[in-house]
Amino acid sequence: MNRIIKIISVVAITCLTLTGCGQQETVAKAEASVQQSFQWKMVTSWPKNFPGLGVAPEKFATLVNEMSAGRLKVQVYGAGELVPGFEVFDAVSQGTVQMGHSGSYYWKGKIPASPIFGAIPFGMTVTELNAWLHYGGGLELWQELYKPFGIIPMAGGNTGAQFAGWFKKEINSMEDLKGLKMRIPGLGGEVLKRAGAIPVTLTGGEIFSSLQSGAIDATEWVGPYNDLAFGFYQAAEYYYSSIWHEPGTGLEFLINEKAYKELPSDLQKIVEVAARAVNEDTLDEYNARNNNALQTLINKHKVQMRTMPAPVMAGLKAITDEVIAEQVAADPNFAKVWQSYSEFMASIRTYHDSTLKPYFEAR
Numbered sequence: 014m015n016r017i018i019k020i021i022s023v024v025a026i027t028c029l030t031l032t033g034c035g036q037q038e039t040v041a042k043a044e045a046s047v048q049q050s051f052q053w054k055m056v057t058s059w060p061k062n063f064p065g066l067g068v069a070p071e072k073f074a075t076l077v078n079e080m081s082a083g084r085l086k087v088q089v090y091g092a093g094e095l096v097p098g099f100e101v102f103d104a105v106s107q108g109t110v111q112m113g114h115s116g117s118y119y120w121k122g123k124i125p126a127s128p129i130f131g132a133i134p135f136g137m138t139v140t141e142l143n144a145w146l147h148y149g150g151g152l153e154l155w156q157e158l159y160k161p162f163g164i165i166p167m168a169g170g171n172t173g174a175q176f177a178g179w180f181k182k183e184i185n186s187m188e189d190l191k192g193l194k195m196r197i198p199g200l201g202g203e204v205l206k207r208a209g210a211i212p213v214t215l216t217g218g219e220i221f222s223s224l225q226s227g228a229i230d231a232t233e234w235v236g237p238y239n240d241l242a243f244g245f246y247q248a249a250e251y252y253y254s255s256i257w258h259e260p261g262t263g264l265e266f267l268i269n270e271k272a273y274k275e276l277p278s279d280l281q282k283i284v285e286v287a288a289r290a291v292n293e294d295t296l297d298e299y300n301a302r303n304n305n306a307l308q309t310l311i312n313k314h315k316v317q318m319r320t321m322p323a324p325v326m327a328g329l330k331a332i333t334d335e336v337i338a339e340q341v342a343a344d345p346n347f348a349k350v351w352q353s354y355s356e357f358m359a360s361i362r363t364y365h366d367s368t369l370k371p372y373f374e375a376r
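In our numbering, each residue's number is its place in the sequence shown (first place is 1) plus 13.
In structure tokens:
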């Protein structure tokens, strides 16, 4: 392949010295573009090939390789193989690697508005979030926010609504949250902190041992499909299904802007289309796998399912409103993104309340 590229380059240079070689020069450049190949590295925040989360980047790499006929190959690395799970953003920004796969709420310390593109407590569902991103201006705001870091973000999958999590004790009131050490990132963690809990940020691979040892008292992760794979039922007795902190959790592909611009236009489009395909496929997988996993947890492992009492949900919602109001007042970018997000949510909620909500109740 390199020999072909060198030959084409020699032909192009020779043509430049000859009269009337403009057409040949154009053809040579086009051929060189078609023959050029690229090798990318993608780091993730998940264990290698972990169901759902870890499989999504692998599917992306396969699609890109097949659609480009091998001209763009992406090697995927799990959390800790090249960089720690929480250093994915920096690795892509600095150009250490060309891509990353993670969750935007992990970068709250760098970009206060970043969690909005992943999950907001009591916010939009997965279908609503995807609609806002791709047809409501959300993606453009996301790209604007990441541009100073030299990163192009794209939606990279969605787990759907996430369960409230695993607890070593029952939660019967807001008082039970005080002093609770819980693994939970993003704005959900801030809400629990205001409720008196102690939020802890851990990568997926650290959760089970921390729960088992007592370093944490509770954890949220994703839902039955992933929670079963990690075996959390062996370390915590109560599983709360109540949806509040992540009603439709969007994942992200992070692409180094310089590396992306070095690609020919057709490979750029392949990256875009592959990301969009994986975004939908990941949600399909979670919808298909979660129910079976839940039945396994209940019937085989005798997990005790619980729901948060209404006063607890109301208390968390009230604190969420306070936290968001403070974020809006403190950060202009958060305020800008939140205005777009909240206006879209209000509009689509009206539509869904008059269509899907009564349908779900009727069936």
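Yeah, the Cβ is synthetic: ideal placement off N, Cα and C, and Gly gets one too.
These numbers were taken from a predicted model, which means no experiment stands behind them.
Using the Cα positions of residue i and residue j, report the straight-line distance between them to the nearest angstrom.
{"i": "A331", "j": "P212", "result": "18 Å"}
{"i": "G122", "j": "A287", "result": "29 Å"}
{"i": "M358", "j": "G218", "result": "34 Å"}
{"i": "V87", "j": "D103", "result": "19 Å"}
{"i": "Q11", "j": "S254", "result": "Since the first residue of the chain shown is 14 and the last is 376, residue 11 is not available in this structure."}
{"i": "G67", "j": "W59", "result": "6 Å"}
{"i": "M187", "j": "L95", "result": "41 Å"}
{"i": "A290", "j": "L215", "result": "29 Å"}
{"i": "G202", "j": "M167", "result": "24 Å"}
{"i": "K274", "j": "I283", "result": "13 Å"}
{"i": "L310", "j": "P237", "result": "8 Å"}
{"i": "P322", "j": "A144", "result": "31 Å"}
{"i": "S223", "j": "I229", "result": "6 Å"}
{"i": "Y354", "j": "K370", "result": "21 Å"}
{"i": "P260", "j": "T140", "result": "10 Å"}
{"i": "G91", "j": "S367", "result": "43 Å"}
{"i": "L200", "j": "W351", "result": "13 Å"}
{"i": "S81", "j": "I164", "result": "22 Å"}
{"i": "L154", "j": "K61", "result": "30 Å"}
{"i": "G131", "j": "G83", "result": "31 Å"}
{"i": "A348", "j": "Q49", "result": "43 Å"}
{"i": "Y430", "j": "N303", "result": "Residue 430 lies beyond the stretch modelled for the chain, which goes from 14 to 376, so this question has no answer here."}
{"i": "Q308", "j": "Q317", "result": "12 Å"}
{"i": "H114", "j": "S360", "result": "30 Å"}
{"i": "V325", "j": "W234", "result": "20 Å"}
{"i": "G244", "j": "P277", "result": "44 Å"}
{"i": "R376", "j": "M137", "result": "22 Å"}
{"i": "G108", "j": "E374", "result": "50 Å"}
{"i": "A69", "j": "K313", "result": "28 Å"}
Pick helix, strand or coil for residue i, following the three-state DSSP scheme.
{"i": "M326", "result": "helix"}
{"i": "K123", "result": "coil"}
{"i": "E250", "result": "coil"}
{"i": "K370", "result": "helix"}
{"i": "T232", "result": "strand"}
{"i": "T39", "result": "Below a pLDDT of 50, predicted positions are generally treated as unreliable, and T39, at 44, falls in that range; the measurement from the model is reported next regardless. T39 falls in the helix class under three-state DSSP."}
{"i": "G98", "result": "helix"}
{"i": "F63", "result": "coil"}
{"i": "S255", "result": "coil"}
{"i": "I129", "result": "helix"}
{"i": "F135", "result": "coil"}
{"i": "P277", "result": "coil"}
{"i": "A92", "result": "coil"}
{"i": "R1", "result": "What is shown of the chain runs 14 to 376, which leaves residue 1 out entirely."}
{"i": "S81", "result": "coil"}
From the DSSP output, read off the bridge partner residues of residue i.
{"i": "K86", "result": "Q52"}
{"i": "M112", "result": "M55, I268"}
{"i": "G263", "result": "N171"}
Should residue i go down as buried or exposed, given a rule of 16 or more other Cβ atoms within 10 Å for buried?
{"i": "Y372", "result": "exposed"}
{"i": "Y118", "result": "buried"}
{"i": "L296", "result": "buried"}
{"i": "E79", "result": "exposed"}
{"i": "T195", "result": "With the sequence shown as reference, residue 195 is identified as Met, and Thr is not the correct amino acid for it. Buried, since its Cβ has 16 or more Cβ neighbours within 10 Å."}
{"i": "E157", "result": "exposed"}
{"i": "E265", "result": "buried"}
{"i": "D380", "result": "Lying outside 14 to 376, the shown extent of the chain, residue 380 is not represented and no answer is given."}
{"i": "T363", "result": "exposed"}
{"i": "E100", "result": "buried"}
{"i": "K54", "result": "buried"}
{"i": "N171", "result": "buried"}
{"i": "N185", "result": "exposed"}
{"i": "N292", "result": "buried"}
{"i": "H147", "result": "exposed"}
Quick one: is residue i near chain C, going by C-beta distance under 9 Å?
{"i": "G261", "result": "Here there is only one protein chain, and chain C is not present."}
Verify the contact flag: residue i, CB atom, against every heavy atom of the ligand PLP, threshold strictly below 8 Å.
{"i": "Y251", "result": "This structure lacks the ligand PLP; in fact it carries no ligand of any kind."}
Residue ranges of each beta strand (DSSP E) run of no fewer than 3 residues wholly in the stretch 295-365, ordered along the chain?
DSSP assignment within the stretch 295-365 yields the following whole beta strand (DSSP E) runs of 3 residues or more, N-terminal first: 317-319.
Those runs of the beta strand (DSSP E) which lie wholly inside the stretch 138-225 and span at least 3 residues:
Listed in chain order, they are 164-171, 178-180, 194-196, 211-213.
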